[in-house]
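Residue numbering for the sequence shown follows the numbering used here, starting at 39 and increasing by one per position. Every residue gets a Cβ at the ideal spot worked out from N, C-alpha and C, and that includes glycine. As structure tokens, the structure follows; a few thoughts come after it.
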Amino acid sequence: MNIKVFEKHLKIDNNMYDTPTLDALHYYLQHFMLTVPFENIDVQNGVPISVDINHLFDKVVNQNRGGFCYELNTLFKYYLIQQGYTAESVSATIHTPDGGRSRPGSHMSTLVTIDDEQYIADVGFGDLPLKALRITTIENTEPVIDISGQFRAILMEKNNVHLQKLIDDQWQTLYEAELVPRSIDEFEDNIDYNQSNPESIFVQRLLVTQPQSFGRATMSFNHLTLTKQGHKERHNVTSNNYRQLLNDYFDLDVTIKKLESDL
């Protein structure tokens with residue numbers, strides 16, 4: 039992986055920071071998320087997912103694509119390590135709005151340690167702020183506020199942290215992560231499940247999402263949703279307009295077989 043080419047793609051000024059500080063982490067995370075969308079188009083198109091670093095570099099930089107959690111957080115973690123950070127992959131379980139739980143390890147997040155403080159630096163979830171979240175107790179919480187809302191990372195018990203968002207004046211857990219370093223090989227079964235099992239949400243649905251200057255844009259097979267200060271605008275997605283919407287909001291130039299087949 040060519041770090042200089044990667045930084046150029048993300049519009050990172052490599053002269054801005056020369057040590058692995060929190061400010062630098064925020065800067066790198068923001069540039070990654072504003073450049074690289076979360077998207078599962080390869081899953082929808084039946085293209086096998088690879089977490090090989092050189093493959094991910096080619097996909098994100100040369101093909102100007104995004105990916106889902108295993109891809110994006112693997113690539114971002116690799117970059118952080120090159121910048122001198124202590125960064126580890128951790129297993130997470132997603133909480134669904136109806137009170138359900140995904141299978142353990144269905145999400146992979148990134149844990150970064152700076153000066154004995156731990157942070158969640160997750161670029162592969164789809165609804166998190168453009169800053170890393172310091173892990174705190176509920177008594178000493180440090181919410182991060184950005185255009186998408188308020189977020190926090192709360193240590194509930196040893197090695198268990200809840201990533202939460204303030205929704206309708208209540209803190210709701212988006213996912214819980216186990217703060218135990220994992221190798222990418224330990225996610226192999228979940229990677230296979232999420233790209234091939236009919237029960238996987240990524241197999242069932244198209245999801246493309248990315249932060250925007252106005253908030254967030256999210257696209258499914260049927261709708262493009264623009265979230266602006268909590269207000270949602272919905273636009274129909276069709277076989278005739280989806281390529282233009284992908285280009286306008288996610289800077290993507292790629293076909294989606296299911297939508298092409300509807301023409």
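query	result
Per DSSP, which one or two residues make a beta bridge with Pro-249?	Arg-254
Helix, strand or coil: which one does DSSP assign to Ala-215?	strand
Just reading off the alpha helix (DSSP H) that Gln-242 is part of, what are its end residues?	239-242
Figure out for me which residue from Lys-196, Phe-288, Leu-217 and Phe-189 has the closest Cα to the Cα of Asp-207.	Phe-189
Judging by CA-CA distance, which residue of Leu-72, Val-81 and Met-71 is the nearest neighbour of Val-241?	Val-81
Just verifying my parser: in three-state terms, what is the DSSP assignment at Glu-45?	helix
When DSSP builds the beta bridges, which residues end up paired with Thr-151?	Thr-124 and Gln-156
Out of Phe-70, His-133 and Glu-77, point me to the one whose CA is closest to Val-161's CA.	Phe-70
Give me the residue from Leu-262, Ser-140, Gly-137 and Ile-173 with the minimum Cα distance to Thr-148.	Ile-173
DSSP three-state label for Phe-189, please.	strand
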